[in-house]
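Student: For reference, the structure I am asking about is given below.
Chains as they are written, first to last, in our numbering: chain Z, 1 to 253; chain L, 1001 to 1185.
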């Protein structure tokens, strides 16, 4: 930043163009460096200095440096205006440098304000209000970050899955009956082993429509009794079923 | 003086995530006369300023807000496992300075004052909600006009825009800087 470099007026200190916020910043820096009276700028000198800085740049990035080039053109234009023989009306004629001078003064003011704001920003950044406390302060358990799923979300997901399964299982296997109790036990056993159950995967692994339905009812029953909890990272993310903390012992498998 | 009043106000400020204004407090506590509320707020502020506490009540954006005291920032960052809070870029800060002092102002005016195209900086500030579009200028092309937001005040710990240094203060600050330069030269 220019303000830093302008403070240490080391002769021959190499300053890169990137340090400056813009051509006005660079001009101000040069004026201060050469201890020039801002109301009486020797345009020829300052133009030479200014162009030296531009020349340090080997490749001009037009997007960013076009403004620096424009300022060079303005400086040369002002110089040419000053070389022109003046009209009789000395008093009334404006100094061709005047618009640039007021622009520089305005800019200097803006820079000062930014410095003041920077100080305030610095001071303010050391104050923590409840609002800017980050989320990491909440309990680190991963489940906490997840959204709890409502029965409706679960049912909706189940029916979409059922539809997808529909085409696959045309033949209903005979004989084997599934009981709700059995399913509940089965779910609890796999939950204790695997910590959580991927809802989608689980239903895909069911052999028949009947079994899937029973599993779904088993799951609903477990949610109702608050033995398990269905959670989702985010909308459209896979639904996971977890054992409810502290409750698993009440429902021995 | 009702001592409970002070406690009620304290609890209200504590719960508020945004600065809580005196008007809001008054509108909630209609049972109490406004003068008493003002007095209680004053006392509350004093008790936090003088007491040896880690938290304080600051006045920002026209309201009261609980924050920690600045000295404890290193400990808090350790607790939160956080780096220093990110700062605005100098381009963004400069742009914000122009808007703060010249509002409502158009992008073209901002760019002219800075001598640099400021579209990107304005975009950043809009995203950070430090400025807002306040309307359109009645000029060719009807350009947007920009203003600073309440969040701008909170961010810089300003109670209102009047808290920004006035013209005379700025002039004296600038002169001071000049003198310092001359002295060191």
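Cβ coordinates follow ideal geometry from the N, Cα and C atoms, glycine included. Because the structure is a prediction, the values reported are computed rather than measured.
1. Going by other Cβ atoms of all chains shown within 10 Å of its Cβ, with 16 needed for buried, is residue 1064/L buried or exposed?
2. If you measure beta-carbon to beta-carbon, which residues of the segment 23 to 52 of chain Z are closer than 9 Å to chain L?
3. Buried or exposed for residue 75/Z, going by 16 or more other Cβ atoms inside 10 Å?
4. Thinking just about the alpha-carbon of each residue, which of 98/Z, 50/Z, 206/Z is nearest to the one in residue 81/Z?
5. How long is the line joining the alpha carbons of residue 1022/L and residue 1095/L, rounded to whole angstroms?
6. For the structure I just gave you, are there three or more beta carbon pairs, one from the segment 1110 to 1120 of chain L and one from the segment 1154 to 1161 of chain L, closer than 8 Å?
7. Buried or exposed for residue 1081/L, going by 16 or more other Cβ atoms inside 10 Å?
8. So what does DSSP say about residue 47/Z, is it helix, strand or coil?
9. Would you mind reading off the limits of the alpha helix (DSSP H) that contains residue 1124/L?
10. If you draw a straight line from the C-alpha of residue 95/Z to the C-alpha of residue 73/Z, how long is it?
11. So which of 115/Z, 117/Z, 27/Z, 130/Z has the shortest CA-CA distance to residue 101/Z?
12. Decide if residue 206/Z is buried, meaning its Cβ has at least 16 other Cβ atoms within 10 Å, or exposed.
13. For the candidate residues 42/Z, 157/Z, 78/Z, whose alpha-carbon lies nearest to that of residue 239/Z?
14. At a CB distance below 8 Å, what residues from the segment 93 to 120 of chain Z approach chain L? Give them in sequence order.
15. Give the interface partners of residue 1165/L over in chain Z, defined as CB-CB distance under 9 Å, in chain order.
16. Using a beta-carbon distance below 8 Å, is residue 129/Z in contact with chain L?
17. Rounded to whole angstroms, what's the CA-CA distance from residue 161/Z to residue 1020/L? Just pull it up for me.
18. If residue 1068/L and residue 128/Z are in contact, beta carbons under 8 Å, what's the gap, nearest whole angstrom?
19. Check residue 1147/L in the structure and name its three-state DSSP category.
20. Give the interface partners of residue 1162/L over in chain Z, defined as CB-CB distance under 8 Å, in chain order.
21. Buried or exposed: residue 123/Z, going by 16 or more other Cβ atoms within 10 Å of its Cβ?
22. Short of 7 Å Cβ to Cβ, which residues in the segment 179 to 212 of chain Z face chain L?
23. Where does residue 198/Z sit, in a helix, a strand or coil, going by DSSP?
24. Which residue spans inside the segment 1072 to 1110 of chain L form an unbroken alpha helix (DSSP H) run of at least 4?
Tutor: According to the structure shown:
1. Residue 1064/L sits at position 64 when you count from the first residue of the second chain. Its Cβ being crowded by 16 or more others within 10 Å, residue 1064/L is buried.
2. Here the close residues are 23, 24, 25, 27, 32, 35.
3. Position 75 of the first chain, counted from the first residue, corresponds to residue 75/Z. Residue 75/Z is buried by the Cβ-count criterion.
4. In the first chain, the residue the question calls residue 81/Z occupies position 81. Considering only 98/Z, 50/Z, 206/Z, the residue with the shortest C-alpha distance to residue 81/Z is 98/Z.
5. Working through the second chain from its first residue, we reach residue 1022/L at position 22. Working through the second chain from its first residue, we reach residue 1095/L at position 95. Taking C-alpha positions only, residue 1022/L is separated from residue 1095/L by approximately 31 Å.
6. Because the criterion of three Cβ pairs below 8 Å is not met, the segment 1110 to 1120 of chain L and the segment 1154 to 1161 of chain L do not touch.
7. One-based indexing of the second chain puts residue 1081/L at position 81. By the neighbour-count rule (16 or more Cβ atoms within 10 Å), residue 1081/L is not buried but exposed.
8. Here residue 47/Z is taken as the residue at index 47 of the first chain, counted from 1. The DSSP-derived three-state label of residue 47/Z is helix.
9. Residue numbering aside, residue 1124/L sits at position 124 when the second chain is read from its first letter. Where residue 1124/L is concerned, the enclosing alpha helix (DSSP H) stretches over 1119 to 1127.
10. Position 95 of the first chain holds residue 95/Z. Position 73 of the first chain holds residue 73/Z. Going by C-alpha positions, residue 95/Z is about 17 Å away from residue 73/Z.
11. Taking the first residue of the first chain as position 1, residue 101/Z is located at position 101. Checking every option, the nearest Cα to that of residue 101/Z belongs to 27/Z.
12. Walking along the first chain from the start, residue 206/Z turns up at place 206. Buried, by the Cβ-count rule.
13. Sequence index remark: in the first chain, residue 239/Z carries index 239 (1-based). Considering only alpha carbons, the answer is 157/Z.
14. Result list: 103, 106, 107, 108, 109, 110, 111, 112, 113, 114, 116, 117, 118, 120.
15. Position 165 of the second chain holds residue 1165/L. Within 9 Å Cβ-Cβ: 112, 113, 116.
16. Counting from 1 along the first chain, the entry for residue 129/Z is found at position 129. Cβ-Cβ to chain L under 8 Å: yes for residue 129/Z.
17. Along the first chain, one-based indexing puts residue 161/Z at 161. Along the second chain, one-based indexing puts residue 1020/L at 20. When rounded, the separation of the alpha-carbon atoms in residue 161/Z and residue 1020/L is 49 Å.
18. As a working mapping, residue 1068/L is identified with position 68 in the second chain. As a working mapping, residue 128/Z is identified with position 128 in the first chain. The pair is a contact, with the Cβ atoms about 4 Å apart (cut-off 8 Å).
19. Within the second chain, the letter at position 147 stands for residue 1147/L. For residue 1147/L, the secondary structure class from DSSP, reduced to helix, strand or coil, is strand.
20. By one-based count along the second chain, residue 1162/L stands at place 162. None at all; the shortest Cβ gap to chain Z is about 15 Å.
21. Stepping through the first chain from its first residue, residue 123/Z is reached at position 123. Under this definition residue 123/Z is an exposed residue.
22. If the cut-off is 7 Å between Cβ atoms, the segment 179 to 212 of chain Z has nothing near chain L.
23. For the purposes of this step, residue 198/Z is identified with residue 198 of the first chain, where counting begins at 1. Residue 198/Z carries a strand assignment under DSSP once its states are collapsed to helix, strand and coil.
24. Complete alpha helix (DSSP H) runs here, min 4: 1073 to 1080, 1090 to 1102.
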